[in-house]
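Engineer:
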Amino acid sequence: MSNTSSSSAAPEPHLLLIAGVGGLSAEEGIAAARGATSRVSVAFVTAWGRTDAVRAAWRDGRPGEDGSEFLAVPDLDSVVAAATGLHGRSPIDGVVTYSELLLRPQAELADRLGLPGNSPESVARAQSKALQRRAFAAAGVPSPRAAEVRRAADLPGAVAAVGLPAVFKPSLGAGSQGVRVVTDEAELAGLLAAAADLNSPFLQEDDAYLLEEAMPIAGDGSSVYADYVSVESLLFEGVADHLAVTDRLRLRNGCVEEGAVLPSRLPAEARRAAVDCADRAIRALGLTHGAVHTEVALCPDGAKVIEVNARAGGPLPSMFLIAADYDFARDIARVALGLRPLERPVPKAVAWVRYVPIPAGEWRVVAQRSAEEARAAHPDLLKIGLRFAPGGETRRDVTQHLVVFTVRGADLERARTTAEAVERFLDIRLEPLDPASTPATPDPLDPLDPASTLEPLDPLVPLAPELAVAAAALAGPVPVSVAAAAGGAR
Numbered sequence: 001m002s003n004t005s006s007s008s009a010a011p012e013p014h015l016l017l018i019a020g021v022g023g024l025s026a027e028e029g030i031a032a033a034r035g036a037t038s039r040v041s042v043a044f045v046t047a048w049g050r051t052d053a054v055r056a057a058w059r060d061g062r063p064g065e066d067g068s069e070f071l072a073v074p075d076l077d078s079v080v081a082a083a084t085g086l087h088g089r090s091p092i093d094g095v096v097t098y099s100e101l102l103l104r105p106q107a108e109l110a111d112r113l114g115l116p117g118n119s120p121e122s123v124a125r126a127q128s129k130a131l132q133r134r135a136f137a138a139a140g141v142p143s144p145r146a147a148e149v150r151r152a153a154d155l156p157g158a159v160a161a162v163g164l165p166a167v168f169k170p171s172l173g174a175g176s177q178g179v180r181v182v183t184d185e186a187e188l189a190g191l192l193a194a195a196a197d198l199n200s201p202f203l204q205e206d207d208a209y210l211l212e213e214a215m216p217i218a219g220d221g222s223s224v225y226a227d228y229v230s231v232e233s234l235l236f237e238g239v240a241d242h243l244a245v246t247d248r249l250r251l252r253n254g255c256v257e258e259g260a261v262l263p264s265r266l267p268a269e270a271r272r273a274a275v276d277c278a279d280r281a282i283r284a285l286g287l288t289h290g291a292v293h294t295e296v297a298l299c300p301d302g303a304k305v306i307e308v309n310a311r312a313g314g315p316l317p318s319m320f321l322i323a324a325d326y327d328f329a330r331d332i333a334r335v336a337l338g339l340r341p342l343e344r345p346v347p348k349a350v351a352w353v354r355y356v357p358i359p360a361g362e363w364r365v366v367a368q369r370s371a372e373e374a375r376a377a378h379p380d381l382l383k384i385g386l387r388f389a390p391g392g393e394t395r396r397d398v399t400q401h402l403v404v405f406t407v408r409g410a411d412l413e414r415a416r417t418t419a420e421a422v423e424r425f426l427d428i429r430l431e432p433l434d435p436a437s438t439p440a441t442p443d444p445l446d447p448l449d450p451a452s453t454l455e456p457l458d459p460l461v462p463l464a465p466e467l468a469v470a471a472a473a474l475a476g477p478v479p480v481s482v483a484a485a486a487g488g489a490r
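Once you know that position 390 of the sequence shown is 390 in the UniProt record's numbering, the rest is easy, because the numbers rise by one and skip nothing.
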């Protein structure tokens with residue numbers, strides 16, 4: 001009887017993680033990838049961050065002897081060349097990313113090396129809202145009326161085709177950056193002229209913009225929910241498994257996202273309509289592998305696709321862990337290696353994510369409680385990211401949210417009340433940088449939300465928002481809930 005040494009066993013598959021900006025943090029991505037295989041290399045784009053902590057997290061797995069490497073690359077264009085060199089030294093079996101901005105090099109690598117993944121063409125369609133609209137129109141997928149805009153001469157025709165009010169957005173972009181509701185042609189012309197000056201890592205280079213039908217998705221004062229959802233899917237060898245429908249919180253600050261809830265509270269029929277719309281949209285784009293996050297409007301005349309993203313929605317991996325103890329990010333990594341997902345999520349609790357928007361205008365954060373204080377006071381607060389320290393200055397076109405946090409609840413009502421309690425506890429206070437230029441009266445109401453009001457979002461704040469902003473220079477900092485109600489209706 002012969003003994004077979006462990007060294008003669010087939011090595012685990014070699015997975016390359018591309019990280020550096022957006023999506024899961026690089027450290028979270030490394031942990032997820034190692035849930036699929038112990039052999040993980042990292043290509044980290046250094047243009048947006050330092051490598052020290054990421055390299056340390058990678059080293060915790062004692063890599064190196066298995067042929068895995070840590071590649072620090074300066075920019076997106078360097079990823080493919082560096083990874084191709086790695087493949088020559090230690091063949092790669094799959095490539096994964098959790099970031100919208102890194103999908104292109106992922107697709108190029110998978111295509112060049114013959115690995116599982118979406119084609120570069122399908123990813124290009126998924127990343128371009130203009131190309132999405134063309135594909136949906138060709139396939140008969142329900143979607144809003146839309147017109148492409150590249151120059152001022154295109155505006156009259158676009159307005160005639162779409163109507164006003166409408167939504168103006170860049171064709172390439174993520175995180176709702178550069179998305180605005182417009183009510184007249186003069187405002188639209190101003191936004192187009194200013195669009196070239198927008199500078200955000202979530203806005204990629206493209207001279208195309210879209211003018212889209214303003215669908216009634218914001219929700220109204222009768223509910224905390226918006227009238228749109230997202231469908232979370234995982235594709236393996238061309239077959240889509242639609243894992244869940246995620247509810248969205250009411251939009252009270254124009255197009256700026258305010259939160260998400262998993263699982264959905266919607267009845268089965270409404271969920272089926274959203275899933276069917278998402279499935280048709282995914283097929284129209286030609287996506288075949290990996291996570292897909294599809295936003296669907298629940299309109300009076302039926303479900304319509306807002307957009308498709310060829311990656312997991314930002315908070316969804318952690319939401320699945322909280323609500324269903326399901327490692328979505330790990331299964332995304334498995335699919336990238338050509339391995340079947342291990343399981344499907346079964347909800348056991350509710351994950352409630354709250355994004356607290358930055359009001360319109362320019363503000364200084366005067367005071368807030370710390371993340372540590374919030375965690376100590378609220379055991380069901382599982383994740384929190386305060387974007388600014390007291391003294392920090394901000395405006396919405398740079399960063400859209402003051403804080404993002406996630407709570408867990410045994411049911412929807414408990415999750416909601418916990419989220420509301422956390423937001424009140426944080427007590428974020430703002431003051432305008434230039435009180436003279438801050439409007440003493442609120443912006444116009446959101447035309448997408450005819451039922452919206454100017455009441456404070458925080459019932460503990462009795463001061464009417466228009467009076468609060470007008471008095472800001474004299475009376476001190478403004479609670480975020482009041483500032484948002486007064487300045488966030490655009």
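Glycine included, every Cβ here is placed at the ideal spot set by N, Cα and C.
What would DSSP say about S41, mapped onto helix, strand or coil?
Structural biologist: strand
Engineer: Could you have a look at F70 and say whether DSSP puts it in helix, strand or coil?
Structural biologist: Residue state, collapsed to three classes: strand.
Engineer: Using the C-alpha atoms, what's the distance from T46 back to L17?
Structural biologist: 14 Å
Engineer: Let me confirm a value: T97 is counted as buried when at least 16 other C-beta atoms fall within 10 Å, else exposed. Which label applies?
Structural biologist: Burial call: buried.
Engineer: For the alpha helix (DSSP H) holding P156, just list the boundary residues, first then last.
Structural biologist: L155 to V162
Engineer: Cα separation between L131 and A124?
Structural biologist: 8 Å
Engineer: Over the uninterrupted beta strand (DSSP E) stretch that includes A146, give me the two end residues.
Structural biologist: A146 to V149
Engineer: Do L251 and Y225 have their C-beta atoms closer together than 8 Å?
Structural biologist: no
Engineer: Considering only the alpha carbon of each residue, which of A310, P300, A274 and R280 lies closest to A291?
Structural biologist: A310
Engineer: What is the DSSP secondary structure of P317, counted as helix, strand or coil?
Structural biologist: Helix, per DSSP.
Engineer: Between the C-alpha atoms of D154 and P144, what's the straight-line distance to the nearest angstrom?
Structural biologist: 19 Å
Engineer: According to DSSP, simplified to helix, strand and coil, what is E295?
Structural biologist: strand
Engineer: Can you tell me which residues form a DSSP beta bridge with T394?
Structural biologist: Looking at the DSSP assignment, T394 forms a beta bridge with W363.
Engineer: Would you call the segment 213-223 and the segment 273-281 touching, i.e. three or more CB-CB distances under 8 Å?
Structural biologist: no
Engineer: Measure from the alpha carbon of A146 to the alpha carbon of each residue in S68, R271, F405 and V167, then state which is nearest.
Structural biologist: V167
Engineer: Rounded to a whole number of angstroms, what is the C-alpha to C-alpha distance between G385 and A160?
Structural biologist: 43 Å
Engineer: Report back the beta-carbon spacing between I306 and Y228 to the nearest angstrom; my notes put them in contact at under 8 Å.
Structural biologist: 6 Å
Engineer: Within the continuous alpha helix (DSSP H) that includes S78, where are the two ends?
Structural biologist: Segment L76 to R89, the alpha helix (DSSP H) holding S78.
Engineer: Look at P263 and P347 and say whether their C-beta atoms are less than 8 Å apart.
Structural biologist: It is a contact, given that the beta carbons lie within the stated cut-off.
Engineer: Answer yes if the segment 328-342 comes into contact with the segment 414-427, meaning at least three C-beta pairs across the two stretches below 8 Å, and no otherwise.
Structural biologist: no
Engineer: Going straight from the alpha carbon of D77 to that of L86, what length do you get?
Structural biologist: 16 Å
Engineer: Does the separation of the CB atoms of A324 and P345 fall below 8 Å?
Structural biologist: yes
Engineer: Can you give the Cα-Cα distance for A284 and K129, rounded to whole angstroms?
Structural biologist: Taking the straight line joining both Cα atoms gives about 13 Å.
Engineer: What residues match up with L15 in a beta bridge as DSSP calls it?
Structural biologist: V40 and G94
Engineer: In the DSSP output, what is T288 paired with across the bridge?
Structural biologist: Bridge partners of T288: none, in fact.
Engineer: What do you get for A189, buried or exposed, if any count of 16 or more other CB atoms within 10 angstroms of its CB means buried?
Structural biologist: Classified as exposed, A189 has fewer than 16 neighbouring CB atoms from the shown chains inside 10 Å of its CB.
Engineer: Would you say L243 faces chain C, with C-beta separation under 8 Å as the test?
Structural biologist: Checking the listed chains, one finds no chain C in this structure; it contains a single protein chain.
Engineer: Could you check which residue in G22, A36 and V40 has the C-alpha nearest to that of E100?
Structural biologist: G22
Engineer: For P347, which of helix, strand or coil comes out of DSSP?
Structural biologist: coil
Engineer: Since L433 and V366 should fall inside the 8 Å C-beta cutoff, what is the C-beta to C-beta distance between them, to a whole number of angstroms?
Structural biologist: In fact, because the Cβ distance is near 11 Å, the residues do not count as touching under 8 Å.
Engineer: Between which two residues does the beta strand (DSSP E) containing I306 stretch?
Structural biologist: G302 to N309
Engineer: With H, G and I counted as helix, E and B as strand and the rest as coil, what does DSSP make of A240?
Structural biologist: Reduced to three states, the DSSP call for A240 is strand.
Engineer: Which of the three DSSP states, helix, strand or coil, is assigned to P477?
Structural biologist: coil
Engineer: What do you get for S171, buried or exposed, if any count of 16 or more other CB atoms within 10 angstroms of its CB means buried?
Structural biologist: S171 should be labelled buried.
Engineer: What is the DSSP secondary structure of F425, counted as helix, strand or coil?
Structural biologist: helix
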